[in-house]
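Here our numbering runs 7 ahead of the position in the sequence shown, where the first position is 1. Idealized CB from N, CA, C, for every residue including glycine. Report on one structure; see the data block that follows.
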Amino acid sequence: MKIIWSFTAEKDLDAIRTYYLQFSDRTAARICGNILATSDKLLNFPLAGRQEPKLGPGIRALVADAYYTLIYELSNDIIYIHAVWDVRQSPDKLAEHIK
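Here it is, written out as structure tokens:
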């Protein structure tokens, strides 16, 4: 099993890191570390996230930090991470964000 991050997900993670670096290196490292650790957990527990049928068949969401959720899907032995979603945003924007 392996993980593939979409361009969108990589941009999301970079934006999160950049934002928190303005305030604290430690906070940026903690939050991004939590997100990456959660993605690594998917290697052992790929079905850990809840299904998100409104986003499409097979799309799942797994909480990675207090404010961030990984949006992903499993296909054969590959986990595709589509986005790192800030849950404080309107959920209506999410479907458009991962297209």
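Straight-line measurement puts the Cα of Y79 at about 10 Å from the Cα of I85. Sequence-distant partners of T15 (beyond 5 residues in either direction) whose C-beta falls short of 6 Å from its own C-beta, in its chain, are A90. The Cβ neighbour count for R67, taken over all protein chains shown within 10 Å, is at least 16; the residue is labelled buried. Straight-line measurement puts the Cα of D47 at about 12 Å from the Cα of C39. When Cβ pairs closer than 8 Å are counted between the two stretches, the segment 27-37 is seen not to touch the segment 45-63, the count staying below three.
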